[in-house]
Structures are given as C-alpha cells and as structure tokens.
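Trainee: Okay, here's the structure, questions in a sec.
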Amino acid sequence: MARMMMARRPAPVDSEAGSGGVPHGAPALWNGEMAALYRDASFLSSPDTRKPKQAHVAVFSSGLTTHTGGLLGGFGAACDPGRIMLNEDLILDPPKVNKLVRCRRRACQALFAAAERQRSDLAHIRSYYGLASRIGITVGLGLRVRHHQRPGTIIDTAGQYLIVRLDDETVPITVHATSGMEYEGPNGWVRAVPRPDPYAAV
Numbered sequence: 032m033a034r035m036m037m038a039r040r041p042a043p044v045d046s047e048a049g050s051g052g053v054p055h056g057a058p059a060l061w062n063g064e065m066a067a068l069y070r071d072a073s074f075l076s077s078p079d080t081r082k083p084k085q086a087h088v089a090v091f092s093s094g095l096t097t098h099t100g101g102l103l104g105g106f107g108a109a110c111d112p113g114r115i116m117l118n119e120d121l122i123l124d125p126p127k128v129n130k131l132v133r134c135r136r137r138a139c140q141a142l143f144a145a146a147e148r149q150r151s152d153l154a155h156i157r158s159y160y161g162l163a164s165r166i167g168i169t170v171g172l173g174l175r176v177r178h179h180q181r182p183g184t185i186i187d188t189a190g191q192y193l194i195v196r197l198d199d200e201t202v203p204i205t206v207h208a209t210s211g212m213e214y215e216g217p218n219g220w221v222r223a224v225p226r227p228d229p230y231a232a233v
C-alpha cells in the first residue's frame, strides 16, 4: 500500500528547491528523507485548542488559498494538500513522530509507514555499499541518477534495492544500488562501483 502510494505521487523533491515548478503533491524531503510538519492554524478564525495539533507528512502544494482566494505557497498535508497548510517552523522526523499525534487519514498513514520502511532500507544501503566514503554520494530519496545511461529519480526503496522513476517512463523500476548506476553529485555524475569482493584475496 505505502509503496503504491509513493509510485503514484510525483517524485520527491528537496524542500530547499522552492515550490516553483515542483509538481503538486510531491513529497518534501529533508536530507534525502520525507518530513512531517504540524498544521499551520494561523489562518483559521477559531483554531481547535482542546486537542494537540496533528502531524502530517509534508508535500509541495500549489493549491493552498485563503478564504478570499489569495494564493498561498509552501507545504500542504499529504492527505489534503489543497486545504491543509503546514507550518515550516518545526521539521519533524516521521519515524519518530508519536503515533498519537500522527494524522490518521489514509494518505498520511501510508507515507508515515513508508518513511519508517525507507529509513531502515536507506540505513542498510548507505552502510553496506559505503557510497558516501567511496564516491562521495549519500543515497537518498529525490537523488538524480542514471541507470544504464537513462536519467531518473530515486522515489522509494525496496529492501536493499532502490525504486527509480526514469524520466521517459511512467512505471518505476527496481534497481541495484551499484549495478549500472551513476549518481549526480555536486561536481557532476559519479559512477557507482561494486563493493570490493572480500574473498578476492583469499
């Protein structure tokens, strides 16, 4: 369910990218992983102060408007990005958000579950393949890659594999972190190399 939700959404985008040109509903990333934010109640005429604010998974929104029709930018809730604006003042780590304050709507629930799974998968991929120390790349969501020369974006994980949406395809593909892969770094494209074979010298 959570993987299907990620596959149907636009590719995740770093939160620092700004909302210009970012597709509506694209998950917002901090440090290569999804983020959660509390609802921004500052525009509500009578905010509910009896219950704690709910935390939502953050997505880019191009449809948030005031009651008078003025357009607002920024981040919306994954469950209702056109109507629920989020407050950027406190960035939350989805796997660490208390389940009692997580939004219980289907879209947010699915992305909270995806964030937990991705955290574990990415920790394994980063540790096992050591691309940060070997080629200077920290693998994360939203990272631009080339798989056998075809450009795309990492949108999800699947255990020790990455889910990539190629620019010229609508259906994502599952790829190995080093096989036929290049990653876009600050100094251009870097080819991934397989881990050294521990038994090669035996």
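Just add 31 to the spot in the sequence shown (first one is 1) and you have the numbering used here.
C-beta atoms are modelled at their ideal positions from N, C-alpha and C, and glycine is treated no differently.
Would you kindly work out how many angstroms separate the C-alpha atoms of R136 and C110, rounded to a whole number?
Mentor: 6 Å
Trainee: Are the beta-carbon atoms of E119 and L174 separated by less than 8 Å?
Mentor: no
Trainee: Assuming A89 contacts A67 (C-beta within less than 8 Å), just tell me the rounded distance between them.
Mentor: 6 Å
Trainee: Please check the pair A146 and P126, which I expect to be a contact at CB under 8 Å, by giving their CB distance rounded to whole angstroms.
Mentor: 6 Å
Trainee: Mapping the DSSP letters down to three states, classify R148 as helix, strand or coil.
Mentor: helix
Trainee: Taking only the alpha-carbon atoms, compute the straight-line gap between R177 and E213 and give it to the nearest angstrom.
Mentor: 5 Å
Trainee: Note down the Cα distance separating P182 from P83, rounded to an integer number of angstroms.
Mentor: 43 Å
Trainee: Are the beta-carbon atoms belonging to L131 and T188 less than 8 Å from one another?
Mentor: It is not a contact, given that the beta carbons lie outside the stated cut-off.
Trainee: From G171 to T201, what distance separates their C-alpha atoms?
Mentor: 20 Å
Trainee: How far does the beta strand (DSSP E) with L265 in it extend, from its first residue to its last?
Mentor: Only positions 32 to 233 of the chain appear in the structure, and residue 265 is not among them; the question remains open.
Trainee: Report yes if the C-beta distance between R70 and I115 is below 8 Å; otherwise report no.
Mentor: yes
Trainee: Tell me, to the nearest whole angstrom, how far the beta carbon of C134 is from that of A163; I am working on the premise that it is less than 8 Å.
Mentor: C134 to A163, Cβ: 33 Å. No contact.
Trainee: Tell me which residues share the same chain as A86 and place their Cβ nearer than 6 Å to its Cβ, disregarding the 5 neighbours each side in the sequence.
Mentor: A67, Y69, L123, V128, V132, R133
Trainee: If you draw a straight line from the C-alpha of P43 to the C-alpha of P227, how long is it?
Mentor: Here the C-alpha atom of P43 lies approximately 31 Å from the C-alpha atom of P227.
Trainee: Buried or exposed for P225, going by 16 or more other Cβ atoms inside 10 Å?
Mentor: exposed
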